[in-house]
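First up is the structure itself, then whatever we jot down about it.
There are 2 protein chains.
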Amino acid sequence: MATIHDVAQDAGVSPTTVSRYLNNRIELPPSTAGRIDAAIAKLDYRPNLLAKRLSTGKTEAVGLVTPEIREPFFAELASAFEDEADRHGYTVFMSSTRSDRDREIASLERLHDRHIDGLVMMTNTPDDGTLANLIGKRKNVVIVDEDIPGVSVPRLFVENTEGAHTATRHLIEAGHRRIAYLGGPHGLLTVTERREGFLLAMNEAGIAVRPEYVAMGSFAPELARAATRKFLELPLPPTAIFASSDYLAIGAVMGLKEAGVSVPDDISLIGFDDMPFGALLTPPLTAIRQPVEQLGRQGFLTLLALLNGEAPPLLTRLPVELIVRQSVGAPTQKDFTA
Amino acid sequence: MATIHDVAQDAGVSPTTVSRYLNNRIELPPSTAGRIDAAIAKLDYRPNLLAKRLSTGKTEAVGLVTPEIREPFFAELASAFEDEADRHGYTVFMSSTRSDRDREIASLERLHDRHIDGLVMMTNTPDDGTLANLIGKRKNVVIVDEDIPGVSVPRLFVENTEGAHTATRHLIEAGHRRIAYLGGPHGLLTVTERREGFLLAMNEAGIAVRPEYVAMGSFAPELARAATRKFLELPLPPTAIFASSDYLAIGAVMGLKEAGVSVPDDISLIGFDDMPFGALLTPPLTAIRQPVEQLGRQGFLTLLALLNGEAPPLLTRLPVELIVRQSVGAPTQKDFTA
DNA sequence: ACGCTTTAGTAAAGCGGTTTCGTAACCGGA
DNA sequence: TCCGGTTACGAAACCGCTTTACTAAAGCGT
Chain A
1 MATIHDVAQD AGVSPTTVSR YLNNRIELPP STAGRIDAAI AKLDYRPNLL AKRLSTGKTE
61 AVGLVTPEIR EPFFAELASA FEDEADRHGY TVFMSSTRSD RDREIASLER LHDRHIDGLV
121 MMTNTPDDGT LANLIGKRKN VVIVDEDIPG VSVPRLFVEN TEGAHTATRH LIEAGHRRIA
181 YLGGPHGLLT VTERREGFLL AMNEAGIAVR PEYVAMGSFA PELARAATRK FLELPLPPTA
241 IFASSDYLAI GAVMGLKEAG VSVPDDISLI GFDDMPFGAL LTPPLTAIRQ PVEQLGRQGF
301 LTLLALLNGE APPLLTRLPV ELIVRQSVGA PTQKDFTA
Chain B
339 MATIHDVAQD AGVSPTTVSR YLNNRIELPP STAGRIDAAI AKLDYRPNLL AKRLSTGKTE
399 AVGLVTPEIR EPFFAELASA FEDEADRHGY TVFMSSTRSD RDREIASLER LHDRHIDGLV
459 MMTNTPDDGT LANLIGKRKN VVIVDEDIPG VSVPRLFVEN TEGAHTATRH LIEAGHRRIA
519 YLGGPHGLLT VTERREGFLL AMNEAGIAVR PEYVAMGSFA PELARAATRK FLELPLPPTA
579 IFASSDYLAI GAVMGLKEAG VSVPDDISLI GFDDMPFGAL LTPPLTAIRQ PVEQLGRQGF
639 LTLLALLNGE APPLLTRLPV ELIVRQSVGA PTQKDFTA
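Chains as they are written, first to last, in the numbering used here: chain A, 1 to 338; chain B, 339 to 676.
What follows is the structure, given as structure tokens:
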């Protein structure tokens with residue numbers, strides 16, 4: 001493998017000259033430049049990035065930490081992130097922590113290693129302070145999608161509250177009053193905010209929220225399935241379900257299907273995320289769409305700004321959008337009880 | 339940021355000693371070791387990986403090149419790959435080329451850069467020789483899922499032919515004779531092999547394959563949708579469709595739904611891949627399951643063997659499996675014509 | 001013909017580790 | 001008491017590139 005010395009020797013100049021020439025820090029007479037070019041071609045020289053990085057202290061690489069790259073939400077976000085990074089000449093280190101705290105920590109350590117210049121962090125397990133401590137006031141970290149309380153780095157979220165509010169209103173406007181809510185694990189920003197949006201809309205409409213209509217605790221479809229079955233067994237079952245994540249909506253669909261309840265004829269269902277698979281369900285899922293692609297791109301751009309010494313806003317909220325498909329209809333059993 | 343020199347100074351020893359101590363190449367008396375440990379803790383020292391790598395020439399990192407990380411198949415594979423790599427102390431550089439030849443090439447160049455020790459390559463656009471050239475006889479590349487003809491590196495595929503054969507037989511055994519086939523783009527190994535498996539099973543059953551029942555050209559659902567609509571408009575439409583990829587099956591489902599044709603009552607459908615979303619379709623999709631997880635893990639292990647100087651088999655085939663769900667039934671219109 | 005400015009380059013010191021070779025000090029045995 | 005072998009550690013070269021500081025030679029105006 002040829003080094004810059006080999007090239008220099010072959011071209012009859014010093015390594016310094018070659019280096020400066022390659023980095024456009026010097027203008028050379030055509031004859032010299034030609035000899036260098038020829039030597040590079042002849043020796044098939046590629047600069048050793050490791051050496052370059054060690055020397056310059058910049059890696060031109062950034063990290064993207066996701067809880068689970070298998071999940072479409074993160075996969076989609078990662079894809080957009082990488083595309084944007086590529087556009088700006090950065091390579092990206094993706095990692096999928098499988099929600100394992102140790103792996104999350106290991107990802108953060110790469111910053112220390114000088115492995116990467118900065119990173120975008122996503123986690124979906126509530127932090128006990130460990131991550132917050134590690135991140136602190138670093139000038140090269142951006143947090144996306146889910147909060148890590150107590151850090152002072154730029155954060156990029158979606159309008160969770162407003163989205164949930166919109167979704168709930170959509171159900172209310174369709175005539176529903178007995179609305180059930182499926183939520184995720186406690187302690188997460190998205191979960192709390194979406195729940196607030198739900199409560200707000202119910203409040204505004206003067207509808208009391210019945211505790212037996214609310215199930216929280218996890219994003220696992222299985223739990224949503226079980227919760228849905230329970231809803232159906234209630235003396236007065238809900239006429240609509242708001243699943244605050246499409247993963248929960250999947251569980252709900254499973255539960256409803258098992259019980260032979262049809263959507264939207266017997267019960268209405270609305271999701272949150274608008275993942276591609278939502279459109280494939282029967283009926284296609286009405287949902288709040290998160291701007292996943294934008295979350296990825298903007299996440300990178302925010303990080304880039306940080307790396308360039310700029311001061312991006314500490315908090316950005318991306319708007320969400322209601323996508324109406326066919327899983328919401330009017331309630332069939334009129335509800336005189338509410 | 340503390341360096342090994344700082345630690346050495348603080349502990350009153352030389353950098354050499356610290357380095358060797360940290361790499362377990364020396365046994366130190368407890369007192370000295372204690373001083374070094376203390377210095378490390380006090381200074382919060384982290385070895386600079388870049389420097390270490392430059393020095394040792396090993397990066398302990400591998401690359402995983404996928405056409406599109408957004409697609410569940412690759413996301414799933416990537417997740418398993420990373421998990422296995424992590425288990426062996428390797429970090430992984432994932433990249434998503436979006437089927438762009440330039441990005442595929444750029445990924446391969448990382449090998450030159452000494453960015454990574456080796457990589458697993460996946461592509462789904464037929465190679466014109468460019469990639470094959472770049473890969474050649476390298477001792478640190480493994481090809482997975484789809485072939486790049488003309489290279490002599492280890493390759494890891496699934497039993498495409500057998501899978502397609504099994505799928506087709508499954509339809510035939512259910513009583514179908516008018517079977518349509520949806521295939522991907524020409525020039526790809528998986529496409530060719532699956533088609534062969536289909537033809538073989540038809541042949542064995544003594545059923546002639548009608549050209550108007552065969553549509554090839556892309557993995558895009560949209561094309562499968564259009565092709566399916568055409569099938570239905572035929573004077574004698576097929577009673578079953580074999581979609582040689584779940585992405586094609588999605589398209590087929592869309593086309594059938596639009597036409598108001600019900601599965602499996604009016605027409606049967608079988609897929610290939612067995613992606614998670616298949617189970618969510620109505621009815622749940624019967625499909626050939628690819629061992630995606632194993633593809634990822636074994637892909638890494640094969641690469642690891644290569645890096646360790648071993649000689650893994652040049653060709654490995656992973657078995658596939660028929661997953662029976664509810665999208666295949668008996669043909670309704672009896673077929674007397676075949 | 002001389003001094004001054006460009007032009008065209010170079011030597012050498014890092015970047016932060018690893019590694020080869022070597023040595024001083026100590027210890028036990030003859 | 002002297003020798004050979006451990007034990008405990010260090011000096012310096014090296015990995016391949018960048019960069020600062022510097023110089024020799026050519027060009028140029030007067």
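Ideal Cβ positions, reconstructed from N, Cα and C, are used throughout, including at glycine. None of the values given here were measured: they were computed from a predicted structure.
- [ ] Enumerate, from N- to C-terminal direction, the unbroken beta strand (DSSP E) stretches of 3 or more residues contained entirely within the region 105-145 of chain A.
- [x] 118-121 and 141-144
- [ ] Examine chain A for any beta-carbon lying closer than 9 Å to the beta-carbon of L388(B), and answer yes or no.
- [x] yes
Task: Euclidean distance between Cα positions of I172(A) and A279(A) - done: 22 Å
TODO: Rank E233(A), D127(A), P319(A) and Y21(A) by C-alpha distance to the C-alpha of P47(A) and give the top, closest one.
DONE: Y21(A)
Task: Listed by chain order, chain A residues near R384(B) by CB distance under 9 Å - done: E109, H112, D113 and R114
Open item on the list: Check for me: the beta strand (DSSP E) holding L653(B) runs from which residue to which?
Closed with: L653 to L656
TODO: With 7 Å as the limit, tell me which residues of the region 282-293 of chain A have their beta carbon closer than that to any beta carbon of chain B; keep them in chain order.
DONE: T282
Task: I407(B) at chain A interface by Cβ criterion, 9 Å - done: yes
Open item on the list: Rounded to the nearest angstrom, what separates A224(A) and A252(A) at their Cα positions?
Closed with: 6 Å
Task: Three-way DSSP call (helix, strand, coil) for R155(A) in this model - done: strand
- [ ] Count the other CB atoms, across all protein chains shown, that sit within 10 Å of the CB of E497(B); report buried if there are 16 or more and exposed otherwise.
- [x] buried
- [ ] List the residues of chain A that P410(B) touches, going by C-beta distances under 8 Å, in chain order.
- [x] R70, P72 and A75
Task: DSSP three-state assignment for F219(A), whether helix, strand or coil - done: coil
Task: Where the region 415-435 of chain B meets chain A: residues whose CB sits under 8 Å from a CB there - done: A416, S417, E420, D421, D424, T429, V430, F431, M432, S433 and S434
Task: Contacts around E321(A), its chain only, beta-carbon distance under 6 Å, and the 5 residues preceding and following it disregarded - done: R289
Open item on the list: Buried or exposed for H524(B), going by 16 or more other Cβ atoms inside 10 Å?
Closed with: exposed
- [ ] Taking F277(A) as the query, report the chain B residues whose CB atoms sit under 7 Å from its CB, ordered along the chain.
- [x] F615 and L618
Task: Boundaries (first-last residue) of the beta strand (DSSP E) holding I661(B) - done: E659 to I661
Open item on the list: On the criterion of 16 or more Cβ atoms from any shown chain inside 10 Å, does M592(B) qualify as buried, or is it exposed?
Closed with: buried
Open item on the list: In the DSSP output, what is Y181(A) paired with across the bridge?
Closed with: V214(A) and F242(A)
Task: Interface residues of the region 588-616 of chain B facing chain A [CB-CB below 9 Å] - done: I588, V591, M592, K595, P614 and F615
Task: G456(B) and G401(B) closer than 9 Å at C-beta - done: yes
Open item on the list: In the DSSP output, which residue or residues are listed as bridge partners for L64(A)?
Closed with: M94(A) and V120(A)
- [ ] Just list the beta strand (DSSP E) runs in the region 269-307 of chain A, keeping only unbroken ones of 3 residues or longer that don't cross its boundaries, in chain order.
- [x] 286-289
Open item on the list: Short of 8 Å Cβ to Cβ, which residues in the region 114-148 of chain A face chain B?
Closed with: R114 and H115
Task: Which of helix, strand or coil DSSP assigns to S393(B) - done: helix
- [ ] Alpha carbon to alpha carbon, how far is P549(B) from N541(B)? Give it in angstroms, no decimals.
- [x] 14 Å
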